[in-house]
Amino acid sequence: MPTEIFHRLTHLQELTLPCHVVHPTDVEGLKQLELFDGRLNSVSDLNRLIKSQQSEGRLRSYHIIINEPGEVFGYDEYYPPCKVVHFGDDSLADSSLGVDENLLPQDIDELLFEGSGLSCCLLDYFPMLNNAKDLKKCDIVVEDKIVCIMRLSSTEEEQ
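Just so you know, we're using the working numbering here: the sequence shown kicks off at 143 and counts up by one.
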């Protein structure tokens, strides 16, 4: 889809492109966007989208797929209003481990990991999940390398 189209749709409030990878700069210009349902290429694209949207505070509903979705979770399961981020095929392979660079929306309801390359500890990828008050569901499937969700501190392990 040509980028110029998004720049002309300044009053667009809902964008649903489940089969098309959207670049975050295309969405950044949509100042009235309230619902986004689509795919991004990478975790860095998600970070950029989150930074632009949270400063504006305008997305009330989203279903974001990073990379290709797997086969376990059907795309049609999620209808607005929802607040879902789905990490698909090896989408975490190039992400930063152990730093706060991997962002998630603050108001996320549901998080899906499906063949994303998640390894080690989930909180190593997303430290902010320690404070995810709105998260209602986290599905982790087809992730052979994950070791734990959260690490216990040495004082917690001794108790």
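The beta carbon of each residue, even a glycine, is placed where N, CA and C say it ideally should be.
Remember, predicted model here, so these are calculated numbers, not experimental data.
Sufficient close CB pairs (3 or more, under 8 Å) joining the region 246 to 255 to the region 265 to 283: yes
With H, G and I counted as helix, E and B as strand and the rest as coil, what does DSSP make of Ile208? Here residue 208 corresponds to residue number 66 of the sequence shown, with the count starting at 1. Looking at Ile208 - three-state DSSP - the assignment turns out to be strand.
Rounded to whole angstroms, what's the CA-CA distance from Leu263 to Arg293? Just pull it up for me. Reading the sequence shown from its first residue, position 121 is the one you call residue 263. Reading the sequence shown from its first residue, position 151 is the one you call residue 293. Checking the displayed sequence, the identity of residue 263 turns out to be Cys instead of Leu. Roughly 7 Å separates the two Cα atoms.
Report whether the distance from the Cβ of Cys280 to the nearest heavy atom of the ligand PLP is below 7 Å. Looking for the ligand PLP in the displayed structure turns up nothing, as the structure carries no ligands at all.
Just the C-alpha distance for Arg181 and Pro211, rounded to the nearest angstrom, thanks. Counted from its first residue, the sequence shown places residue 181 at position 39. Counted from its first residue, the sequence shown places residue 211 at position 69. Roughly 9 Å separates the two Cα atoms.
Looking at the secondary structure, which residues open and close the alpha helix (DSSP H) in which Thr158 lies? As a first step, residue 158 is located in the sequence shown; it is residue number 16 there, counting from the start. Thr158 -> not in any alpha helix (DSSP H); beta strand (DSSP E) instead, spanning 156 to 163.
Output yes or no for whether 8 Å exceeds the beta carbon distance between Phe172 and Leu151. On the sequence shown, position 30 is the one that residue 172 refers to. On the sequence shown, position 9 is the one that residue 151 refers to. According to the sequence provided, residue 172 is Leu. The question's Phe does not apply to it. Yes, they are a contact pair.
Can you give me the C-alpha to C-alpha distance between Arg202 and Glu170, rounded to a whole angstrom? For this step, residue 202 is matched to residue 60 along the sequence shown. For this step, residue 170 is matched to residue 28 along the sequence shown. Cα to Cα, the separation comes out at about 15 Å.
Let's test the definition: count the other Cβ atoms within 10 Å of the Cβ of Leu175 and tell me whether it reaches 16, buried, or not, exposed. For the purposes of this step, residue 175 is identified with residue 33 of the sequence shown, where counting begins at 1. By the 16-neighbour rule on beta-carbons within 10 angstroms, Leu175 is buried.
State the Cα-Cα distance for the pair Asp236 and Leu271, rounded to the nearest angstrom. One-based indexing of the sequence shown puts residue 236 at position 94. One-based indexing of the sequence shown puts residue 271 at position 129. Approximately 20 Å between the Cα atoms of the pair.
Is the beta carbon of Gly259 sitting closer than 8 Å to the one on Asp281? Along the sequence shown, one-based indexing puts residue 259 at 117. Along the sequence shown, one-based indexing puts residue 281 at 139. Contact: no.
Under a Cβ-count criterion, where at least 16 other Cβ atoms within 10 Å of its own Cβ denotes burial, should Lys225 be classed as buried or exposed? Your numbering for residue 225 matches position 83 in the sequence shown. For Lys225, the number of other beta carbons within 10 angstroms of its own is at least 16, and it is reported as buried.
Give, in chain order, every unbroken run of the alpha helix (DSSP H) that is at least 4 residues long and sits entirely within the region 163 to 205. 166 to 170, 185 to 198
Val185 vs Ile206 beta-carbon contact at 8 Å: Locating residue 185 in the sequence shown gives position 43, where the first residue counts as 1. Locating residue 206 in the sequence shown gives position 64, where the first residue counts as 1. In this structure, Ile206 does not lie closer than 8 Å to Val185 by Cβ.
Can you have a look at Asp286 and say buried or exposed, based on whether 16 or more other CB atoms are within 10 angstroms of its CB? Translated into the one-based positions of the sequence shown, residue 286 becomes position 144. Classification for Asp286: exposed.
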